[in-house]
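Colleague: Just remember that my numbering sits 29 ahead of the position in the sequence shown, which is counted from 1.
No residue lacks a Cβ here, since even glycine has one placed at the ideal position from N, Cα and C.
A quick note: this is a predicted structure, and the numbers were derived from the prediction, not measured.
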Amino acid sequence: MSIERGVLRPPSEAESILLRVVRNCPWNRCRFCPAYKGMMFSFRGEEEIREDIVRIAADPASKGRDSLFLQDADALALPIRTLAAVLEDIARFLPRVTRITSYARVSTLVARPSADLRLLRSLGLQRIHLGFESGSDEVLASMDKGVTADRQIRAGAKAREAGFALSCYFMPGLGGIRHSEVHARESAAVLRRIEPEYIRLRTCFVLEDTPLADDYREGRFEPLSEARTVEEIRRFIEGLEPVRSEIVSDHRMNLLSELRGRLPEARDSLLGTLDRYLDLSPSDKARFEAGRRTGRIKTLDDLEDPSFREALDEAEKRYRPVYPAPRSVLFPKRDAASLRPPPGDARANPCAPRGRRIGCRVS
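(1) Y227 to D103, Cα distance in whole Å?
(2) Relative to the alpha-carbon of R49, which residue among S31, E237, Y198, C59 has its alpha-carbon at the smallest distance?
(3) Cα separation between D308 and F199?
(4) Identify which residue in S312, S278, R207 has its Cα closest to the Cα of S41.
(5) Please check the pair R356 and L220, which I expect to be a contact at CB under 8 Å, by giving their CB distance rounded to whole angstroms.
(6) Name the DSSP bridge partner or partners of Q100?
(7) For the segment 141-149 and the segment 169-182, state whether three or more C-beta atom pairs, one from each stretch, are separated by less than 8 Å.
(8) Compute the beta-carbon to beta-carbon distance between S216 and S165, rounded to the nearest angstrom, for a pair I have assumed lies under 8 Å.
(9) Give the straight-line distance between the Cα atoms of L47 and F98, rounded to the nearest whole angstrom.
(10) Can you have a look at M282 and say buried or exposed, based on whether 16 or more other CB atoms are within 10 angstroms of its CB?
(11) Please specify which runs of the alpha helix (DSSP H), each continuous and at least 4 residues long, are wholly inside the segment 206-285, giving them in chain order.
(12) Round the Cβ separation of I266 and L299 to the nearest angstrom and send it over; I've been treating them as touching at under 8 Å.
(13) Let me make sure I understand the geometry here. Which of E287, E247, L303, A43 has the alpha-carbon closest to that of S96?
(14) Extract the residue ranges of the beta strand (DSSP E) inside the segment 153-188, only unbroken runs of 3 or more that lie entirely within it.
(15) Please report the distance separating the alpha-carbon of R325 from that of A354.
(16) For A43, does the three-state DSSP call read helix, strand or coil?
(17) By the 10 Å Cβ neighbour count, where 16 or more other Cβ atoms means buried, how is R58 classified, buried or exposed?
(18) Are R52 and F70 close, meaning C-beta to C-beta below 8 Å?
(19) Tell me the residue span of the beta strand (DSSP E) that contains L195.
(20) Alpha carbon to alpha carbon, what distance is there between G153 and R129?
(21) So A188 and L146 are in contact, right, with Cβ under 8 Å, and what is the actual spacing, rounded?
(22) Are any of the Cβ atoms in chain C nearer than 8 Å to that of L284?
(23) Are the CB atoms of T232 and G205 nearer to each other than 8 Å?
(24) Measuring only the C-alpha atoms, how far is R273 from E294?
(25) Assign Y65 to one of two classes, buried (16 or more other C-beta atoms within 10 Å of its C-beta) or exposed (fewer than that).
(26) Go ahead and pull the three-state DSSP assignment for F72.
(27) Which value, in whole angstroms, describes the spacing of the CA atoms of A87 and V36?
(28) Tell me whether A366 is buried or exposed, calling it buried when 16 or more other Cβ atoms sit within 10 Å of its Cβ.
(29) Return helix, strand or coil for Y352, following the three-state DSSP convention.
(30) Report all residues from its chain with a CB closer than 8 Å to the CB of R38; omit the five preceding and five following residues, and keep chain order.
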């Protein structure tokens, strides 16, 4: 039998061993997310997880890897005895692993007894990835996140008290044009209270086959332009002072991949990168956006490289944004075999092949 794996993992876990302990998402209502729509949430059993750990230990591809990520969307929802046994099995069969991380939902952290969280930390779980997306109650409600800013603060404090490192996600553009200012301001306010080790940016795209795509078509959601998204990120970072967190733009959905630095030391550098884009002429903005979204360039420095000029001019002529954007913006490439539903899934994972183009049409 093959090792069972889920659909998603954070970009920062690209080199980590992937161990699926729960299937899909226990909430699965967020209007912007296509990842698990139509799929049943379920726990994997302790024995089947152990069998995968043993297979991973024997897999040559796992040799030398010292980090492991627990899939899927909320590994901490697993019963505490099972999750504790999984962490013990990782230590037993994968002694090279020195860092274990997972996604978790805010509601799960709030509900977990502090003693349970301390136990998981003592058994080797070190970092928790939290998809806050917004700190605005208005935006959270409009996106059906099922949480409030107050619960986010409580969850963050509880995780920090248990000794976990936190990687919290902010989604620029999630409030659309209507809520852009409050989204940036109140998200910064929540993260000031928590002060996570990492604040990771995940730009909001209106993706096909999501409720947000329906909202867009019916005029209830108006997405930000690239420039207005960058302006929103600027307001957000300005509002973070005096947080000591590292800002990371590590997803291909983000326009400015070079945006990275630890606050407060890197504040001026981060704002300078944002202003560098905002100060571009309209034609250079268009060339950069076309080059970035079609995969021809990665950074603002590439815009000034003469070797890219011809390709960028051609990209700018042909590039047109697409709304809703294809799911390939989010999902990695999978072969057909990996799309077969494992036991407990309602249907195959809705993955689209990854292309070089991000939410665009090249005519």
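Modeller: Quick answer:
(1) Their Cα atoms are separated by approximately 19 Å.
(2) S31
(3) 24 Å
(4) S278
(5) Contact doesn't hold; Cβ gap of about 28 Å is too wide.
(6) R49
(7) Of all C-beta pairs linking the segment 141-149 to the segment 169-182, fewer than three are shorter than 8 Å, placing the two stretches out of contact.
(8) 7 Å
(9) 5 Å
(10) Buried.
(11) Contiguous alpha helix (DSSP H) elements confined to the segment 206-285 occur at 209-223, 240-246, 255-267, taking only those with 4 or more residues.
(12) Right, the Cβ-Cβ distance comes to about 6 Å (below 8 Å), so this counts as a contact.
(13) A43
(14) If you keep only unbroken beta strand (DSSP E) runs of at least 3 residues inside the segment 153-188, you get 154-162.
(15) 18 Å
(16) coil
(17) exposed
(18) Contact flag set, yes.
(19) 194-199
(20) According to the sequence shown, residue 129 is Ile rather than Arg. Rounded to the nearest angstrom, the two C-alpha atoms are 6 Å apart.
(21) The distance from the Cβ of A188 to that of L146 is about 7 Å, consistent with a contact at the 8 Å cut-off.
(22) This model lacks chain C altogether, as it is built from one protein chain only.
(23) no
(24) 9 Å
(25) buried
(26) Under the three-state reduction of DSSP output, F72 falls in the strand class.
(27) 22 Å
(28) Residue confidence is low: A366 scores 32 on pLDDT, short of 50, so the model does not pin down where it sits. No coordinate-derived value is stated.
(29) coil
(30) Here R38 has S45, L47, F98, Q100 as same chain residues with Cβ atoms under 8 Å from its own Cβ, once five neighbours each way along the sequence are excluded.
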